[in-house]
Amino acid sequence: MKRFYEGKKFCLIFLAGLLIFSLSGCSTCAVKNQSQPAGYPIAADVQTTAQRTVVPGKTPAAEINLWEISKYDRYGYGNWTYGPGLPYDKRFDIMPAGYSGSGVVKKTKLTTFFTISDIHITDKESPNQLIYLQRLHPTMPVGASLYSGIMLYTTHVLDAAVQTVNALHKQHPFDFGLSLGDTCNSTQYNETRWYIDVLDGKVIAPSSGAHLGADTIAYQKPYQAAGLDKSIPWYQTLGNHDHFWMGSIPVDHSLRKDLRPSYTGGEVFATGDVLRDPGRINHRDYYTGVLDGSTPYGDIKFAGPVQNFASPPKVAADPDRRSLLITEWMQEFFKTSSHPAGHGFNRTDAKNGFACYSFMPKSKIPIKVIVLDNTQKEDDGSVDIHGHGFLDRTRWAWLRKELADGDAAGQLMIIAAHIPIGVEVTAPDSEMGWWTDPQNAVTLPNLIAELHSHPNLLMWVAGHRHLNTVKAFLSPDPAGAPEKGFWHVESPSLRDFPQQFRTFEIYLNSDATLSIVATDVDPAVADGTPAATSRKYAVAAAQIVKTREVTTKWNPTNDPTIKPMPTGSYNAELVKELSPAMKAKIKTLFP
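Using our numbering, you'd call the opening residue of the sequence shown number 50 and step up by one each time.
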């Protein structure tokens, strides 16, 4: 049972734990004989999960393997239907005892924004993935993180999500968007560029190396991304997959000294079963395989025990697969046609690898967003999976100052970070829990105590676990100071089922409380498009490796404030008490 539990956690790390044309050009990525490729419009009927939900069908009786994609239709895998809308769970957990909200109405909308997270743009033909390890653990949820058919369509799903955001923006304009990290799957330059270029609305050629199938296979063909509506500014957060190999191992500080060259070389990576023991990265037991872009289902090739191969298997090398340092990754966000330049990152900080910043979405609304890098350091010396929450002394001091400054300025605050807090057991029992190493500048209890000392903190939003959970951090003095409580909201992954993003609306209520309305949204994929195929494969993966327990009920801390997630989704209205000082300020702004 312990190993099965660890496998679930590792699943969410390798994905939560498993573009091509930049503005300056990507000379090795261009595909010949393609002029003005078409895009993939979404369905005209755009709705949120408040109106309808994607409901997976019953898991078929016949058992098949995850990689047997050609059998999905024959046996009924990937089946789903639309079900009824998901109502909002009205939550008063952090309000004073006895508060019912009776007669209270939403008075003024202060801001509205969307979050996307854990997109995991994947170079399916990269030679140093961990595809084969899924076959060693076929029934564990970890399997779908290392390999599934979803890998063929990651840019297409992002493009469909962006178009869905644009359609919702026309109905009710967003003030901004937040990306909560894990833009790419394994730190690669081409993965990062695909991500930025989809949001910018560039031509995307989602293949690498020899560009196999780029003229004939749907998921390999270049296409025109729609791009995010230019009136919506979007801001970026750093995730563990954005600077660790497969989100888990430091590229330049691991037991494998050939890890960095393995990105751009042509030899398929060989390693041990790092799923069981990360230290086995230094073994050469299995060739991990690549996906064959010349086949309709992305067949796995060059995978299996090393002794089964007469010589090391090879693919076409590609310099655009190079692994980016944090500094290089941040610099890419200044090479963009969408707004703002840098997408929140400061040029000076980017040169130093400091990925924290704050911004005010609306000058006349006292709400500040604090974007926090809480991923581990590359040089921490740990041989464990690098998916823990962590703050070094510089980031910890910066966060405390941002919170103190927000209180002093009378600003309501939102913390946006990749890694959630308080929803996993601590390390080493969870690879996603708060890191307990002495290098961490703050323990989880002390971090939460600091957050509780800032009554203007509304919520902590995060990604990382690919889940839709909402947790209440109750005030340490619920009767005397309920305003010290805050909410914790996770955004799901655009890769794994249910493949969603979130929207947030923050309202001032008639009794001077606040309501945070959090809504899940399924991309409005059109039948016959690559994004629609990806949804089918995501449902099939959930059926085959039985991840529904994770997506609907995962709660390792047994927290009573974390509710089950019907169909993997969860909509809520989260009510927050304001401090007396903040109530007085709000009344002057909105008499």
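Ideal Cβ placement from N, Cα and C applies to all residues, glycine included. Computed from a predicted model, the values in this text were never measured in an experiment.
Cβ pair G393, V355 closer than 9 Å: Taking the first residue of the sequence shown as position 1, residue 393 is located at position 344. Taking the first residue of the sequence shown as position 1, residue 355 is located at position 306. No; because the gap between Cβ atoms is not below 9 Å, this pair is not in contact.
Opposite M508 in the DSSP bridges: which residues? The residue labelled residue 508 in the question sits at position 459 within the sequence shown. Per DSSP, I463, W536.
Relative to the C-alpha of F163, which residue among W283, L340, D142, N558 is closest? As a position in the sequence shown, residue 163 is number 114, starting the count at 1. Among W283, L340, D142, N558, the Cα nearest to that of F163 is on W283.
Would you mind sorting Q100 into buried or exposed? The rule is 16 or more other CB atoms within 10 Å of its CB. Indexing the sequence shown from 1 puts residue 100 at position 51. Flag for Q100 reads exposed.
Coil, strand or helix - G328 by DSSP: Residue 328 sits at position 279 when you count from the first residue of the sequence shown. DSSP places G328 in helix when its eight states are reduced to three.
Counting Cβ pairs, one atom from each stretch, are 3 or more of them under 8 Å apart for the region 360 to 371 and the region 291 to 301? no
Pick helix, strand or coil for I168, following the three-state DSSP scheme. Stepping through the sequence shown from its first residue, residue 168 is reached at position 119. I168 falls in the coil class under three-state DSSP.
Thinking C-alpha only, which one of N331, K632, N620 is nearest D138? Looking up residue 138 in the sequence shown gives position 89. With distances taken between Cα atoms, D138 lies closest to N620.
Buried or exposed: which applies to S119, given that a residue is buried once 16 or more other Cβ atoms fall within 10 Å of its Cβ? Here residue 119 corresponds to residue number 70 of the sequence shown, with the count starting at 1. So S119 ends up on the exposed side.
Close-in-space but distant-in-sequence residues of the same chain around G347 (CB under 8 Å, 5 per side omitted): As a first step, residue 347 must be located in the sequence shown, where it is residue number 298. Contacts found: I118, K173, G198, M200, L201, Y268, L340, D341.
Counting along the chain, where does the beta strand (DSSP E) carrying V418 start and finish? Indexing the sequence shown from 1 puts residue 418 at position 369. 416 to 421 is the span of the beta strand (DSSP E), which, as asked, contains V418.
With 16 other Cβ atoms within 10 Å as the buried cut-off, status of L261: Counted from its first residue, the sequence shown places residue 261 at position 212. Looking at its Cβ environment, which holds 16 or more other Cβ atoms inside 10 Å, L261 is buried.
Do you know whose CA, among K612, D571, F639, lies nearest V104's CA? Along the sequence shown, read from residue 1 onward, the residue named residue 104 stands at position 55. It is D571.
Could you tell me the alpha carbon to alpha carbon distance between Q285 and L227, rounded to whole angstroms? Indexing the sequence shown from 1 puts residue 285 at position 236. Indexing the sequence shown from 1 puts residue 227 at position 178. Answer to the nearest angstrom: the Cα atoms are 6 Å apart.
Leaving aside the five residues before and after F141 along the sequence, list all residues of the same chain whose C-beta is less than 8 Å from its C-beta, in chain order. Working through the sequence shown from its first residue, we reach residue 141 at position 92. So the list reads Y148, S149, G150, V624, once near-sequence residues are dropped.
Is the region 550 to 561 close to the region 182 to 192, with three or more CB pairs under 8 Å? no
Helix, strand or coil: how does DSSP classify F383 here? On the sequence shown, residue 383 is found 334 positions in, with the first residue counted as 1. F383: helix per DSSP, three-state reduction.
What does the Cβ neighbour count give for F639, buried or exposed, with the cut at 16 atoms within 10 Å? In the sequence shown, counting from the first residue as 1, residue 639 sits at position 590. Exposed: under 16 other Cβ atoms inside 10 Å.
Could you have a look at T568 and say whether DSSP puts it in helix, strand or coil? Position 519 of the sequence shown holds residue 568. Note: T568 maps to strand in three-state DSSP.
Strictly by DSSP, which residues pair up with N558? Counted from its first residue, the sequence shown places residue 558 at position 509. DSSP, once it has assigned bridges, lists K155 as partnering N558.
Identify every run of the beta strand (DSSP E) within the region 286 to 362, keeping only runs that are complete inside it and at least 3 residues long; order them along the chain. 335 to 340, 349 to 354
Would you list, in sequence order, the uninterrupted alpha helix (DSSP H) runs of no fewer than 4 residues that lie entirely inside the region 230 to 275? 238 to 249
Residue of P90, I91, Y336, A110 minimising C-alpha distance to Q178: Reading the sequence shown from its first residue, position 129 is the one you call residue 178. It is Y336.
If the criterion is Cβ atoms closer than 9 Å, does the pair D167 and R444 meet it? Taking the first residue of the sequence shown as 1, we reach residue 167 at position 118. Taking the first residue of the sequence shown as 1, we reach residue 444 at position 395. It is not a contact, given that the beta carbons lie outside the stated cut-off.
Exposed or buried, L304, counting other C-beta atoms within 10 Å across all chains shown (16 or more means buried)? Counting from one through the sequence shown, the residue named residue 304 turns up at place 255. Exposed is the call here.
Skipping 5 residues on each side, what residues in its chain have a beta carbon closer than 6 Å to that of C131? For the purposes of this step, residue 131 is taken as the residue at position 82 of the sequence shown. Per the sequence shown, the amino acid found at residue 131 is Tyr instead of Cys. Here the set comprises R101.
Could you pull the start and end residues of the beta strand (DSSP E) that R140 belongs to? Residue 140 sits at position 91 when you count from the first residue of the sequence shown. Run containing R140: 138 to 140, per the beta strand (DSSP E) assignment.
Can you give the Cα-Cα distance for F223 and P136, rounded to whole angstroms? Taking the sequence shown and counting its residues from 1, the one referred to as residue 223 is at position 174. Taking the sequence shown and counting its residues from 1, the one referred to as residue 136 is at position 87. For F223 and P136, the distance between alpha carbons rounds to 22 Å.
Please say whether P190 and T485 have beta carbons closer to each other than 9 Å? Locating residue 485 in the sequence shown gives position 436, counting from the first residue. Locating residue 190 in the sequence shown gives position 141, counting from the first residue. It is not a contact, given that the beta carbons lie outside the stated cut-off.
Which same chain residues end up closer than 8 Å to T601 when comparing Cβ atoms and leaving out the 5 residues on each side of it in sequence? Here residue 601 refers to the residue found at position 552 of the sequence shown. Here the set comprises P613, M614, P615, T616, G617.
Between the region 571 to 588 and the region 211 to 219, can you find at least three pairs of beta-carbon atoms closer than 8 Å? yes
Y121 - containing alpha helix (DSSP H), residue span: The residue you call residue 121 lines up with position 72 of the sequence shown. Run containing Y121: 121 to 124, per the alpha helix (DSSP H) assignment.
For F318 and P299, the rounded distance between their alpha carbons: Within the sequence shown, residue 299 is the residue found at index 250, counting from 1. Within the sequence shown, residue 318 is the residue found at index 269, counting from 1. Going by the C-alpha atoms only, they are around 16 Å apart.
Does the distance from the C-beta atom of I245 to that of K384 stay below 9 Å? To locate residue 245, count along the sequence shown from 1; it is residue 196. To locate residue 384, count along the sequence shown from 1; it is residue 335. Yes, they are a contact pair.
Taking buried to mean at least 16 other C-beta atoms within 10 Å of its own C-beta, is D326 buried or exposed? Your numbering for residue 326 matches position 277 in the sequence shown. Burial call: exposed.
When the Cα atoms are used, what is the spatial distance from N114 to A365? As a working mapping, residue 114 is identified with position 65 in the sequence shown. As a working mapping, residue 365 is identified with position 316 in the sequence shown. When rounded, the distance between both Cα atoms is 28 Å.
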